[in-house]
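Residue numbers (UniProt numbering): 1 to 890.
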């Protein structure tokens, strides 16, 4: 009977008194069979590789799977027709097995093209991963012919080179130093073992054997002095090699200079694409990350904490029905690079993605953000290429990932099928408009919003979302049909202006993507680079020019002389210039986003002493800060969203009344009316802001300065970046947690506590925690500072932590001591202060010292209500603490 596949591999296996036939269409399935049926049972098991005419023979299944994994890994990547990598078929023979003539093998060719059968794990069957590559409980020792030391050394050198951006010379120096270190350790251990064995009257022959073992180990470390070509490790990476691929968009003629002559030559317009599916596969090679994906979303019961708590996620046809579905956050931005030799600007467009399946704490790490495309910005803007051409490969991969079967990821522990899609597309306003096919320049467009059909006139009078006609996917398709069916260019231009759409976006071809819903507003750009600067400019001009309350120099003097806390000093605001207050100047008063955030936090404390804080203009300013603090909260109750809706309406009405004769309601101010519904749909908007994505640009700017080669910057940057990613996911051992899960804890100066100091610390900790340890054998250390996940903590008179809530007010504790108990945790000893209440006129809490002396409040870092450090400031003889997020919204 003919099979629907080209050729399959069949072999007869002997098990006890039974002979059975096993057929496999995939090499992965064949290896799975060997590992499960022959690894422990067959003492006389022998196997010849046969792949690529390889004649190596093995007597242990795990040794053979290790060999396939290292030498023939490309065949494992052919496990599904979903693989877009174009890997070759297995046509050069299959592994053959012999077992004392009791197990016959019919050798043949295995073609994996167009085959969709594999050792898969569906999201609903609850199966474990099939461990066909070893590394599990069935792991055996290597055969003598294997060379694990060379593999270990190569991994070690490759990892430190990629992670630390080392030159070849630096790498060789590290290898030589490591060799000397290992030689010293081996010599010391050898001497100690020799002393012990001599005392036990060990035979001379056995002593010589042990000496030989140490000598061989020392000899093997010599490879460190002559490092191998570590770049070759890419070819045999556990989850495959992922390199940037050049995509040619077209050709054009360009005038180039050759010596003293100018020539016209054909040049290619290209962009570089890194496979999203393959980089996800690389990430899933990390067991902890895979476990987090398979565990599904961790929903919050009473609050909006993450994407999974929003209605969009809960009603999505994919994410609501498949808890293991991969949810992607996609980001796009343009970045300027300057060649220091010529002062010439090079503008590049970067496309990143991030897995929203990760816990927010791990999403905050830059290594969770991955590059997938880069090109010269002019190619994105050219009509013959454009945004859609650049994203075509990405959308094609999303079609595979979003289909019913999903994509088969080949991991060291087996194959797994996962589905997924785009959860949200993130960018600033022009980039988001471009991504959705809407009008990019919202200032001159008739329809200025991608969420509704608002016109300029509507924005000036309507301040609730219900007053606007919201966009939806059905209407969007209707508008596109009218646009495409226009009989003339003039009619097309009319429809384009009427509907606020330029072109259909290629993202519409991605499964489940809705440009009217999933182009979320970024609160960083809306507030810190938009509304705040716009409204503060009116306020300052009123104080400086209308009533002469103070001068710009005196204001700058107060800002520069303000007593910032240690965690805020790096974001100290820049000096305000006269031109910053003029119409048409920078939208953020010459500040960066982080500087603007700090400026609006301290400005009420600075101005409240010299202006009247009971006026409507002051109330308008404080109202905007309150709105921003709610939108920037990391967790929000539904009641707070209802309050936010009313607060935004009241603020816009007040602003229009106070400053309507000076300026209009801008598009970014209009976007405020959509924020409450976006929070209900997608959870706290701080989870989808662009601040961390923009921080990713720093890596590429640093690399551009290092390589100083601007001839083909997209290629250079993408190759360097991907090399570092490959190095990050090289696992040096089973206890390697991966790049995202390493403990990012850096201690300052520390000392071990002795005597009464140690007893006092232990007593304070015991009052709050039962650690279940033997305190007599436990060491307690006091540290003067500790940096955890990028946040610096140190004892300070003006530094506070929030350790709880009482009567809807946050409980503050002054950081007095930091203790580290070995193998347990980091503990903060806090001096509790009294929260006297909230002063809404300056957006701050007033704190007072306790009347009676109290003992320390001891708390673990992991149990803090908020991980941030807050600083106290003096205001009219009161100690005040300003929070950047609103605790009443929690």
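Backbone N, C-alpha and C fix where the C-beta goes; we use that ideal spot for every residue, glycine too.
- Nearest to residue 290 by alpha carbon, out of 411, 187, 262? Of the listed residues, the one whose Cα sits closest to residue 290 is 411.
- Query: Since residue 539 contacts residue 617 with CB under 8 Å, what's their CB separation in whole angstroms?
  - Reply: Contact flag correct, Cβ pair sits at about 6 Å.
- Helix, strand or coil: which one does DSSP assign to residue 374? Residue state, collapsed to three classes: strand.
- Message: Could you check whether residue 814 and residue 830 sit closer than 8 Å to each other, using their CB atoms as the reference points?
- Response: Taking the C-beta atoms as reference points, residue 814 is found nearer than 8 Å to residue 830.
- Item | Local Cβ density within 10 Å of residue 894, reported as buried at 16 or more and exposed below that | Only positions 1 to 890 of the chain appear in the structure, and residue 894 is not among them; the question remains open.
- Exposed unless 16 or more other CB atoms sit within 10 angstroms - verdict on residue 614: So residue 614 ends up on the exposed side.
- What's the gap between the Cα of residue 795 and the Cα of residue 571? Between residue 795 and residue 571, the C-alpha separation is close to 21 Å.
- Pick from 465, 407, 805, 402: whose alpha carbon is nearest that of residue 513? It is 402.
- Task: Would you kindly work out how many angstroms separate the C-alpha atoms of residue 718 and residue 484, rounded to a whole number?
- Result: Distance between residue 718 and residue 484, taken at the CA atoms: about 36 Å.
- CB contact check: residue 162 to chain B, cutoff 8 Å: Of the protein chains in this structure there is only one, and it is not chain B.
- Counting along the chain, where does the beta strand (DSSP E) carrying residue 810 start and finish? DSSP places residue 810 in the uninterrupted beta strand (DSSP E) bounded by 809 to 821.
- Message: Distance check for residue 562 and residue 573, CA to CA, integer angstroms please.
- Response: Distance between the alpha carbons of residue 573 and residue 562: 10 Å.
- Item | Extent of the continuous beta strand (DSSP E) run through residue 269 | Element bounds for residue 269: 261 to 273.
- Message: Is the separation between the beta-carbon of residue 665 and that of residue 644 shorter than 8 Å?
- Response: At least 8 Å separates the beta-carbon of residue 665 from that of residue 644.
- Item | residue 144 classed as buried or exposed, judged by whether at least 16 other C-beta atoms fall within 10 angstroms | Residue placement at residue 144 is poorly supported in this model, since its pLDDT is 36, which falls under 50; the coordinates are not used for a value here.
- Query: Quick one, are the C-beta atoms of residue 182 and residue 154 less than 8 Å apart?
  - Reply: Going by beta carbons, residue 182 and residue 154 fall outside the 8 Å limit.
- Note down the Cα distance separating residue 394 from residue 275, rounded to an integer number of angstroms. Each residue's Cα considered, the two are about 8 Å apart.
- Message: For residue 647, which residues in the same chain have their Cβ closer than 7 Å to its Cβ, ignoring the five residues on either side in sequence?
- Response: These residues qualify, in order along the chain: 623, 626, 627.
- Task: Return the Cβ separation of residue 949 and residue 667 in integer angstroms, given the expectation that the two are a contact with Cβ distance under 8 Å.
- Result: Outside the displayed range of the chain (1 to 890) lies residue 949, so it cannot be described from this structure.
- Item | Distance CB(residue 504)-CB(residue 441) smaller than 8 Å | Residue 504 is not a Cβ neighbour of residue 441, given a cutoff of 8 Å.
- Between residue 728 and the rest of its own chain, which residues show a CB-CB distance below 6 Å, the 5 nearest in sequence each way excluded? The residues 739, in chain order, have a CB closer than 6 Å to that of residue 728 in the same chain once the five nearest residues on each side in sequence are set aside.
- Figure out for me which residue from 852, 674, 885, 867 has the closest Cα to the Cα of residue 518. Closest by C-alpha distance to residue 518, out of 852, 674, 885, 867, is 674.
- Would you mind sorting residue 119 into buried or exposed? The rule is 16 or more other CB atoms within 10 Å of its CB. Bear in mind that a pLDDT of 36 at residue 119, under 50, signals an unreliable position, so the number given afterwards is only what the model happens to contain. Residue 119 comes out buried.
- Message: I'd like the ranges of any alpha helix (DSSP H) spanning at least 4 consecutive residues and lying wholly in the region 697 to 772.
- Response: Correct list: 713 to 728, 755 to 766.
- Message: Does residue 455 come out as helix, strand or coil in the three-state DSSP assignment?
- Response: Coil.
- Task: Tell me residue 782's beta-bridge partners as DSSP assigns them.
- Result: BP columns for residue 782 point to 751, 819.
- Ordered along the chain, which non-local residues of its own chain (more than five positions away) have a Cβ less than 7 Å from that of residue 891? Missing from the structure shown is residue 891; the chain here goes from 1 to 890 and no further.
- Query: Looking only at its own chain, which residues have a Cβ that is under 8 Å from the Cβ of residue 146, when we skip the five neighbours before and after it?
  - Reply: Residue placement at residue 146 is poorly supported in this model, since its pLDDT is 48, which falls under 50; the coordinates still yield a value, given next. Scanning its chain for C-beta atoms nearer than 8 Å, with the 5 sequence neighbours on each side dropped, one finds around residue 146 the residues 63, 66, 67, in chain order.
- Query: In three-state DSSP terms, what is residue 464?
  - Reply: If DSSP states are grouped into helix, strand and coil, residue 464 belongs with coil.
- Message: Once the 5 residues before and after residue 825 are set aside, which same chain residues still bring their CB inside 6 Å of it?
- Response: 860, listed in sequence order.
- Message: At the level of alpha carbons, what is the spacing between residue 530 and residue 587?
- Response: Cα to Cα, the separation comes out at about 6 Å.
- CB-CB under 7 Å to residue 687, same chain, minus the five flanking residues each way: which ones, in chain order? Excluding sequence neighbours, residue 687 sits near 306, 307, 360.
- Task: Determine the extent of the alpha helix (DSSP H) in which residue 554 is found, giving its start and end residues.
- Result: Element bounds for residue 554: 552 to 560.
- Query: On the premise that residue 593 lies in contact with residue 337, defined as a C-beta separation below 8 Å, what is that separation, rounded to the nearest angstrom?
  - Reply: Contact annotation, residue 337 with residue 593: C-beta distance approximately 20 Å; criterion of less than 8 Å not satisfied.
- Through-space distance from residue 803 to residue 371, alpha-carbon basis: Near 37 Å, if we compare the C-alpha coordinates of residue 803 and residue 371.
- Message: Are the CB atoms of residue 407 and residue 507 within a distance shorter than 8 Å?
- Response: Going by C-beta atoms, residue 507 is not nearer than 8 Å to residue 407.
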